[in-house]
Structure formats: structure tokens, C-alpha cells
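**Student:**
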Amino acid sequence: MTSTIGEGGARRSGAFRLLKEERLRTDREYREVVRKGERTSTPHFTVYRDFPGGEGRKIGVSVGKRVGRAVVRNRIKRVLREFYRFHKSAFPSGSRTAIVVRKAPPRPCLDGIAGELSPALTRRWGQKKEGPAPCGQGISSSAP
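For the sequence shown, position 51 matches number 36 in the numbering used here, and the numbering has no gaps at all.
Rendered as C-alpha cells:
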């Protein structure tokens, strides 16, 4: 008997997928983000972001050998991709983001990584506001 949901369940559907168009796919593109982008750091990660415009958003993850063995590096990459999928609002449209892992976090799980990266991203680039404000900027409801 086969399942139509597949491995990973509901996570593989719709907005939770990480499409090819959402990845930094070439070394040139990744290096351009690191060279030209703005930077923020946490104890375990350095995040670079630039805003070339456009509709899409892209992300790249780099984990060097000094972080740990292959099992550790692959786990961190999987968790960082999952963090991106669940927190897409922290990555605005028209941005490219490169995450470099400097050293392995003590808890390479989604909660630990989200607890470290979310506040740093919000501090550096602010929270993306969804939709228009109820009153336009500079418009007061008490104005005549």
C-alpha cells in the first residue's frame, strides 16, 4: 500500500518546500552575496544578505570541515534549511542570504538554531511587515 503524502508528511507540500529557484546554486552567486552583502553574526553563525531586487528570495548554507565530521555538518545544513522553510517571513522577497556556520552549535536542532538566528535577523534587518499599514504613513486619524 502506497502513501500519497510521502516521506516527511505535510512538510513536503506547498510553502514548506525549498525549491531550486530558492537556492544560491553557483559559487559565483554565493561569493557575490558574501562580498557585497550586509553582515550579522551570532556565536555560531555569520549571515550575509544583499538585496538585488526581484520577486524571489534565495538562500545558501556553508558548513566547513572545521565545524565537525560529515554527519554533524549535514545535520546542521538540514536544520538550517528547515529553519528557512518555517521562517520565510524573516527572509524578504528580493533578498539573497548566505549563512556560514563558524562552529557547531551545542544543540543542532530547530529550536536551538531558531533561538539564535531569529533574534539576530530581527535585530539586523527588522521584521518584515505583512500587508499595508491600517493608516498610511504620516496620516493621522485625528487630522481635519
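Each residue gets a CB set at the ideal place from its N, CA and C atoms; glycine is no exception.
Between which two residues does the beta strand (DSSP E) containing Arg81 stretch?
**Tutor:** Taken as a continuous stretch (DSSP letters only), the beta strand (DSSP E) holding Arg81 covers 81 to 86.
**Student:** Could you give the first and the last residue of the continuous alpha helix (DSSP H) run that contains Glu7?
**Tutor:** Premise fails: Glu7 is in no alpha helix (DSSP H) and is neither H nor E.
**Student:** Any contact between the segment 55 to 73 and the segment 82 to 96? By contact I mean 3 or more CB pairs, one from each, below 8 angstroms.
**Tutor:** Result yes; three or more Cβ-Cβ pairs closer than 8 angstroms.
**Student:** Check this for me: beta carbons of Val18 and Ala83, under 9 angstroms apart or not?
**Tutor:** For Val18 and Ala83, yes; Cβs fall inside 9 angstroms.
**Student:** Report the rounded CA-to-CA distance for Phe30 versus Arg13, giving the unit in angstroms.
**Tutor:** Each residue's alpha carbon lies about 21 angstroms from the other.
**Student:** Going by alpha carbons, who is nearest to Ser80 out of Thr27, Gly39, Arg2?
**Tutor:** Answer by Cα proximity: Gly39.
**Student:** In angstroms, rounded to a whole number, what distance separates the CA positions of Pro77 and Arg51?
**Tutor:** One C-alpha to the other measures close to 31 angstroms.
**Student:** Do Arg8 and Arg70 come within 9 angstroms of each other at the CB atom, strictly closer than that value?
**Tutor:** Going by C-beta atoms, Arg70 is not nearer than 9 angstroms to Arg8.
**Student:** My understanding is that Arg66 touches Val46, with C-beta atoms under 8 angstroms, so please give their C-beta distance in whole angstroms.
**Tutor:** Contact flag correct, Cβ pair sits at about 7 angstroms.
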